[in-house]
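Input: a single structure, listed below in structure tokens.
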Amino acid sequence: MQQIEWNDFLKVELRVGKIIQAEVFEKARNPAYILHVDFGEEIGVKKSSAQITQLYQPENLIGKLVVAVINFPKKQIGPIQSECLVTGFHNQDGHVALCVPDLDVPLGTKLL
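Heads up: the sequence shown begins at 1308 in our numbering, then just goes up one per residue.
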């Protein structure tokens, strides 16, 4: 495992957001959803493509808090521009489980 410096970690903007809209990403190569994540007044709403279709249904994602990297450059994924990277972990079956706070925290809060 490669070691990093503390300052490298501080560059990553991992923030808490709330999913306010989730829809099937019809034009994705692999099954995915388009998520609209609200990071609060200061940051606003950002879009992300997320391959989480095996464990989640769009209607059950609304209101869920997630942890996302918000300072990557925008990435073109088919017809949409992904503006953040919603984080998760592969489970024993290789499906992605979202990384979520276990308690309410203010939108936009940075992980430290």
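Even for Gly, the Cβ is constructed at its ideal location relative to N, Cα and C.
All values reported here derive from a predicted model rather than from experimental measurement.
G1324 and I1377 have their alpha carbons spaced roughly 10 Å apart.
The beta carbons of V1407 and K1371 sit closer together than 8 Å. When only Cα atoms are considered, Q1364 and R1336 end up about 18 Å apart. A direct Cα-Cα distance of roughly 20 Å separates G1385 from A1375. Short of 6 Å from the beta carbon of L1418, and not among the five residues preceding or following it, lie these beta carbons of its own chain, in chain order: L1321. Around the beta carbon of G1401, fewer than 16 other beta carbons lie within 10 angstroms, which makes this residue exposed. Following the DSSP letters along the chain, one finds D1315 inside the alpha helix (DSSP H) bounded by residues 1313-1318. Our two residues, N1367 and V1352, have alpha carbons roughly 19 Å apart in a direct line.
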